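**Q**
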Amino acid sequence: MTSFKYYVGASIDGFIADRNGSVQWFVPYASQPGVKKHFDEFFETVGAVVIGGKTYENIVRDATEGSVPWVFGDKPVWVFTHHELPTLPGADLTFIRGEVGFWSQDIAQSAGAGDVWVVGGADLAGAFVEADALDELLLVTVPEVLGGGANLFGRAISTQLSSLEVTDLGADIVLSRYAIG
Numbered sequence: 002m003t004s005f006k007y008y009v010g011a012s013i014d015g016f017i018a019d020r021n022g023s024v025q026w027f028v029p030y031a032s033q034p035g036v037k038k039h040f041d042e043f044f045e046t047v048g049a050v051v052i053g054g055k056t057y058e059n060i061v062r063d064a065t066e067g068s069v070p071w072v073f074g075d076k077p078v079w080v081f082t083h084h085e086l087p088t089l090p091g092a093d094l095t096f097i098r099g100e101v102g103f104w105s106q107d108i109a110q111s112a113g114a115g116d117v118w119v120v121g122g123a124d125l126a127g128a129f130v131e132a133d134a135l136d137e138l139l140l141v142t143v144p145e146v147l148g149g150g151a152n153l154f155g156r157a158i159s160t161q162l163s164s165l166e167v168t169d170l171g172a173d174i175v176l177s178r179y180a181i182g
């Protein structure tokens, strides 16, 4: 059965982007061997990807400038947006508007036997929690304090988490995996 998983990196004070909306502060941590290995193993289980419009715009900008490659390969990518956005040649993109709950079944079907990675942003992840459509949180916590920025879910939500595992990824970085709800 397909699961919706929010795999995200955060500062020790719970921010996924800095006050300018940038996630570049996380790049040195993402290249740590333990983090890279765990992410690569996770990504092998992903059959489809969901991204919010702002996050997609940042990824497209970085891919177009050549600073970051398009990392989703040929996996279907669903983009929640209220705006017209550019496409990328060769990317399997579906631009959608509306409620998460309305689209979640179609997104799950596109994943085949894999899971769905809810990339973010934070507000989209929060919408998945509110729609009772997010199954797991995989939180990579790094030893840095940002003091502000985009928090984990981008909105005030309330939900119960159950710890599934805690893994030391080295370099004072910890992965906490939780079931949601």
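Count along the sequence shown from 1, then add 1; that gives the number in our numbering. All residues carry an ideal CB built from backbone N, CA and C; glycine is no exception. Fair warning: this is a prediction, and the values are worked out from it, not measured in the lab.
Using a Cβ-Cβ cutoff of less than 8 Å, which residues in the same chain neighbour G149 once the five nearest sequence positions on both sides are dropped?
**A** F16, D19 and R20
**Q** Taking all protein chains shown into account, do 16 or more other C-beta atoms lie within 10 angstroms of the C-beta of F103, making it buried, or fewer, making it exposed?
**A** exposed
**Q** With the cut-off set at 7 Å, would you say W79 and T95 are in Cβ contact?
**A** yes
**Q** For the putative contact between Q33 and I174, defined by C-beta atoms under 8 Å, what is the C-beta separation to the nearest angstrom?
**A** 6 Å
**Q** When you compare the CB positions of V47 and D116, do they come within less than 7 Å of one another, or not?
**A** yes
**Q** Our contact map puts V143 next to F27 with C-beta atoms below 8 Å; I'd like the distance itself, whole angstroms only.
**A** Contact between V143 and F27 holds, with the beta-carbon distance rounding to 7 Å and staying under 8 Å.
**Q** Evaluate K6 with the Cβ neighbour count: other Cβ atoms within 10 Å of its Cβ, from every protein chain shown; 16 or more gives buried, anything less gives exposed.
**A** buried
**Q** Give the list of continuous alpha helix (DSSP H) stretches no shorter than 4 residues that lie fully inside the segment 40-124.
**A** Within the segment 40-124, the complete alpha helix (DSSP H) runs of at least 4 residues are 54-66 and 101-111.
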